[in-house]
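Student: Dropping the structure in here first, questions after.
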Amino acid sequence: MTPTVTGHDERHLFIGGKWVEGSGSPYEIVNPATEQPIGLAPEATADDAAQAAAAARDAFGAWSRTTPGERSALLSAAAELVRKRAEELLPLLIAETGATVSVGSKLQVPVCADRFERYARGALQDLNLPLAPKITEATPLAPGGVIGATAVRQPVGVVACITPYNFPIGNMAGKVAPALAMGNTVVIKPAPQDPFGVIELVRILEEVGVPPGVVNLVNSRGAEAAAALVESPDVDMVSFTGSTAVGVRIAEAGSRTMKRLLLELGGKGACVVLDDADVAGAVTAIGSTFAFHSGQICTAPTRAIVHRAVYDQVVERLAGFAGALKVGDPMERDTIVGPLISAAQRQRVEDYIRLGVDEGAKLVSGGGRPPALERGYYVEPTLFAECRNDMRVAREEIFGPVVVVVPVDGEDEAVALANDSEYGLYDYVYSKDSARAFRVARQLRAGHVGVNTAQRNLEAPFGGFKMSGVGRDGGDFGLYAYSELQSVIWPG
Numbered sequence: 074m075t076p077t078v079t080g081h082d083e084r085h086l087f088i089g090g091k092w093v094e095g096s097g098s099p100y101e102i103v104n105p106a107t108e109q110p111i112g113l114a115p116e117a118t119a120d121d122a123a124q125a126a127a128a129a130r131d132a133f134g135a136w137s138r139t140t141p142g143e144r145s146a147l148l149s150a151a152a153e154l155v156r157k158r159a160e161e162l163l164p165l166l167i168a169e170t171g172a173t174v175s176v177g178s179k180l181q182v183p184v185c186a187d188r189f190e191r192y193a194r195g196a197l198q199d200l201n202l203p204l205a206p207k208i209t210e211a212t213p214l215a216p217g218g219v220i221g222a223t224a225v226r227q228p229v230g231v232v233a234c235i236t237p238y239n240f241p242i243g244n245m246a247g248k249v250a251p252a253l254a255m256g257n258t259v260v261i262k263p264a265p266q267d268p269f270g271v272i273e274l275v276r277i278l279e280e281v282g283v284p285p286g287v288v289n290l291v292n293s294r295g296a297e298a299a300a301a302l303v304e305s306p307d308v309d310m311v312s313f314t315g316s317t318a319v320g321v322r323i324a325e326a327g328s329r330t331m332k333r334l335l336l337e338l339g340g341k342g343a344c345v346v347l348d349d350a351d352v353a354g355a356v357t358a359i360g361s362t363f364a365f366h367s368g369q370i371c372t373a374p375t376r377a378i379v380h381r382a383v384y385d386q387v388v389e390r391l392a393g394f395a396g397a398l399k400v401g402d403p404m405e406r407d408t409i410v411g412p413l414i415s416a417a418q419r420q421r422v423e424d425y426i427r428l429g430v431d432e433g434a435k436l437v438s439g440g441g442r443p444p445a446l447e448r449g450y451y452v453e454p455t456l457f458a459e460c461r462n463d464m465r466v467a468r469e470e471i472f473g474p475v476v477v478v479v480p481v482d483g484e485d486e487a488v489a490l491a492n493d494s495e496y497g498l499y500d501y502v503y504s505k506d507s508a509r510a511f512r513v514a515r516q517l518r519a520g521h522v523g524v525n526t527a528q529r530n531l532e533a534p535f536g537g538f539k540m541s542g543v544g545r546d547g548g549d550f551g552l553y554a555y556s557e558l559q560s561v562i563w564p565g
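According to this note's numbering, the residues represented by the sequence shown are 74 to 565, in order.
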């Protein structure tokens, strides 16, 4: 049954180590499975955001001088407390995000804890880069001699962490933990649809002893607070996960003050299924678009580019896969497809489904709202076949349980169509010939390519080509992302 989370009122922001009321009027958070309010969330103004950035700036000097061991201990304590509070966090996360109990219990909470633990270890890593000494002739600047050098990692400064609605606490931990590990201070701005889990994480960080100003939180339903952070002279870096359109605006505004940017943006993942592919494995991967958080994931293989030799099999099996998935109450353990985050997102997905039909794509399965579910922002898993790559449903990010299948006649055409996209976040290749699959993978213009798997390696660099973003995080690359290289040079 759906979680009975109600009355979860959070009117306070966290600024400079204190919980202070937002200057704007609180607004309702709605459970996407029931369309009923969960509680009220705080509304920050631009002035609130400016105060949070100033608090982070004031705290930066002392925090950046803490030892790696001190930062590691705090992050490790946060990981431990997240795990202890998992049963308390889970119903709240499901209520505000619509994630199924499986996604919430196996990914949302564990990934959050694991990321704090990973960067507790990361804080202790020696990232300095010793460089070979160089014999240098005398110049008008200085005498000659053997000149030594090393490249050291320094914190960037104040980081604005703007997180998405699909994985609020996991994404927040993936930004905040490496930023703190490297000695930065942060201002967190969660997605307006589901801020409660992120607020609870900030309470956990407060409980484990984060110093005042090191972690700050502002929340708002509009763009005012986030825009103020992006434009603030006190903010040195913006780390944002969300749509490409918003990422472009952040890049434009942030460039005026030369902010460092880490932008993880949209995707339209191509899954290239070659004529010798394991069809069952490919279908399971593509079907994850339906099954995993109702397709609200930027890495989903939403665009299947399938060789005609196996095309009919793939379409038939995908239709069967979609039809077998239980759509419904996210708290029921056998539910696979929960609701979309909001009425607006459901409307967006439904508009794209109508567009696909109008463009001439063949609607194979789904396309509507589940008739048995009168409330909740549900959309049936939807499969389009006989698509062309120039259709909008094959080019634009839908962010819902919708898959399009594009037939091709050969490998070269498959690669060309996969690359014919403004996005380049995550692609996939399926072939029983691993050498062939790797050859195709190297030709794909994407930040990630899954070869015969939809699994992730969280130590691998994460980020996209083209309009899918700027920069990389994940594993050690997260430590690099939240630091600046400084060269130190001396006479040998």
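Where is the CB? At the ideal position from N, CA and C, for every residue including glycine.
For S328, count the other beta carbons within 10 Å of its own beta carbon; 16 or more makes it buried, fewer makes it exposed. Which is it?
Tutor: S328 is classed as exposed because its beta carbon has fewer than 16 other beta carbons within 10 Å across all chains shown.
Student: Decide if the segment 181-195 is in contact with the segment 149-157; the criterion is three or more beta carbon pairs, one per stretch, under 8 Å apart.
Tutor: yes
Student: Measure the CB-CB distance between V319 and F363 and report whether it falls below 8 Å.
Tutor: no
Student: So the candidates are R276, V561, P206, T375; which of them puts its Cα closest to the Cα of L86?
Tutor: It is R276 whose Cα lies nearest to the Cα of L86.
Student: Just the Cα atoms here: how many angstroms apart are V303 and A467?
Tutor: So the two alpha carbons sit approximately 32 Å from each other.
Student: Mapping the DSSP letters down to three states, classify P76 as helix, strand or coil.
Tutor: For P76, the pLDDT reaches just 48, beneath the cut-off of 50, and the residue's location in the model is therefore unreliable, leaving the point undetermined.
Student: Answer yes or no: do Q181 and F240 have a C-beta to C-beta separation smaller than 8 Å?
Tutor: The Cβ-Cβ distance between Q181 and F240 falls below 8 Å.
Student: So R419 packs on Y450, CB below 8 Å; how close in whole Å?
Tutor: The pair is a contact, with the Cβ atoms about 4 Å apart (cut-off 8 Å).
Student: For A123, I'd like the list of residues in its chain whose CB is within less than 8 Å of its CB, leaving aside the five on either flank, ordered along the chain.
Tutor: A301, S305, D307
Student: I'd like the list of long-range same chain contacts for T173, defined as Cβ closer than 6 Å, with 5 residues on each side in sequence excluded.
Tutor: P403, T408, G411
Student: Suppose contacts are defined by Cβ-Cβ distances below 8 Å. Is G547 in contact with E557 by that definition?
Tutor: no
Student: Is the CB-CB distance between A233 and V271 below 8 Å?
Tutor: no
Student: Note down the Cα distance separating V502 from V513, rounded to an integer number of angstroms.
Tutor: 7 Å
Student: Note down the Cα distance separating V430 from E459, rounded to an integer number of angstroms.
Tutor: 11 Å
Student: What residues match up with F567 in a beta bridge as DSSP calls it?
Tutor: Any question about residue 567 goes unanswered here, given that the chain covers just 74 to 565.
Student: Can you give the Cα-Cα distance for A41 and G565, rounded to whole angstroms?
Tutor: Outside the modelled stretch of the chain, which goes from 74 to 565, sits residue 41, for which no answer is possible.
Student: Relative to the alpha-carbon of G566, which residue among R144, G171, N525 has its alpha-carbon at the smallest distance?
Tutor: In this structure the chain extends from 74 to 565, so residue 566 is not present and cannot be described.
Student: State the Cα-Cα distance for the pair E210 and G221, rounded to the nearest angstrom.
Tutor: 14 Å
Student: Could you tell me which residues DSSP pairs with R226 in its beta bridges?
Tutor: L558
Student: When you compare each of D121, P141, Y496 to E337 by their alpha carbons, which one comes out closest?
Tutor: Considering only alpha carbons, the answer is Y496.
Student: Count the other CB atoms, across all protein chains shown, that sit within 10 Å of the CB of L202; report buried if there are 16 or more and exposed otherwise.
Tutor: exposed
Student: Where in the segment 217-263 do unbroken runs of the beta strand (DSSP E), each at least 3 residues long, occur, reported from the N-terminal end onward?
Tutor: 218-228, 231-235, 258-262
Student: Please classify E116: does DSSP put it in a helix, a strand, or coil?
Tutor: The answer is coil: DSSP assigns E116 none of H, G, I, E or B.
Student: For the putative contact between G354 and N525, defined by C-beta atoms under 8 Å, what is the C-beta separation to the nearest angstrom?
Tutor: 6 Å
Student: Which of the three DSSP states, helix, strand or coil, is assigned to L197?
Tutor: coil
Student: Do you know how far the Cα of I378 is from the Cα of Q516?
Tutor: 15 Å
Student: Assuming D348 contacts A382 (C-beta within less than 8 Å), just tell me the rounded distance between them.
Tutor: 4 Å
Student: Count the other CB atoms within 10 Å of the CB of Q266; is the residue buried (16 or more) or exposed (fewer)?
Tutor: buried
Student: If I measure Cβ to Cβ from Y425 and keep anything under 7 Å in the same chain, skipping five residues before and after, which residues do I get?
Tutor: V466, I471, V475
Student: Skipping 5 residues on each side, what residues in its chain have a beta carbon closer than 6 Å to that of V543?
Tutor: L334, L336
Student: Considering N462, what are the terminal residues of the beta strand (DSSP E) in which it resides?
Tutor: Unbroken run through N462: none, as it is neither H nor E.
Student: Which one of E469, L413, G433 has the shortest CA to CA distance from R442?
Tutor: L413
Student: Out of curiosity, what's the CA-to-CA distance linking P110 and L278?
Tutor: 27 Å
Student: By alpha-carbon positions, which one of D485, A205, P105 ends up nearest to H380?
Tutor: D485
Student: Which word fits E325, buried or exposed, when buried means at least 16 other C-beta atoms lie within 10 angstroms of its C-beta?
Tutor: exposed
Student: Once DSSP output is grouped into helix, strand and coil, what is the label at E273?
Tutor: helix
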